[in-house]
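K.L.:
Counting the sequence shown from 1 gives a position; the numbering used here is that position plus 28.
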Amino acid sequence: MESNMVHPYFQSSFPFLVLALASGPELGGLTFLGLVGIIDPPREGVKEAVEVLNGSGVAVKMITGDALETAWAIGKNIGLCNGKMNAMSGEELESIDDLTLSSRVKNVSIFFRTSPKHKVKIIKVPFRL
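As structure tokens, then:
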């Protein structure tokens with residue numbers, strides 16, 4: 029099943045990571061020590077490259093090990109979708125055969141939580157059929 033829905037909270041323009049730190053002898057007695065936020069924007073020029081490729085008729089796909097929410101934010105930021113973005117997890121890739129993947133890859137913009145093995149499967153499937 030393709031993952032099409034992302035909670036609105038995670039649909040920001042930039043992926044972000046937040047780390048909270050606490051210390052204490054037990055869960056009910058923790059003391060808050062701090063909070064750190066990190067923004068990891070796409071490299072310069074990626075958005076423009078995606079725009080040029082899309083305009084030239086090339087179907088751009090993102091294959092990442094990131095979580096869905098992070099991948100969604102990056103995809104939105106670089107113009108990978110125009111309103112609708114379909115995603116497929118590495119776990120979903122494990123459960124489908126090459127023929128099914130070949131027919132579904134056309135409709136998927138983002139492959140998330142993938143391993144190197146998944147990336148090879150995605151790239152090679154059109155050449156095996």
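Even glycine gets a Cβ: it sits at the ideal position worked out from N, Cα and C. Keep in mind the model is a prediction, meaning the values are calculated, not measured.
(1) Pairs of beta-carbons, one from the stretch 70-86 and one from the stretch 125-142, closer than 8 Å: are there three or more?
(2) Out of T59, V88, N105 and L61, state which residue places its alpha-carbon closest to the alpha-carbon of I67.
(3) State the Cα-Cα distance for the pair V46 and V64, rounded to the nearest angstrom.
(4) If you follow the beta strand (DSSP E) that T59 is in, where does it begin and where does it stop?
(5) Quick one, are the C-beta atoms of A99 and K134 less than 9 Å apart?
(6) Note down, one range per segment and in chain order, each beta strand (DSSP E) of at least 3 residues found wholly within the stretch 59-142.
P.N.:
According to the structure shown:
(1) No, because fewer than three Cβ pairs between the stretch 70-86 and the stretch 125-142 fall closer than 8 Å, the two stretches do not touch.
(2) Along the sequence shown, one-based indexing puts residue 67 at 39. Cα-wise, what sits closest to I67 is N105.
(3) As a working mapping, residue 46 is identified with position 18 in the sequence shown. As a working mapping, residue 64 is identified with position 36 in the sequence shown. Their backbone Cα atoms lie some 6 Å apart in a straight line.
(4) Within the sequence shown, numbered from 1, the residue matching residue 59 stands at position 31. Its beta strand (DSSP E) spans residues T59 to I67.
(5) In the sequence shown, counting from the first residue as 1, residue 99 sits at position 71. In the sequence shown, counting from the first residue as 1, residue 134 sits at position 106. Between A99 and K134, the gap from beta carbon to beta carbon reaches 9 Å or more.
(6) The qualifying runs are 59-67, 115-117 and 138-140.
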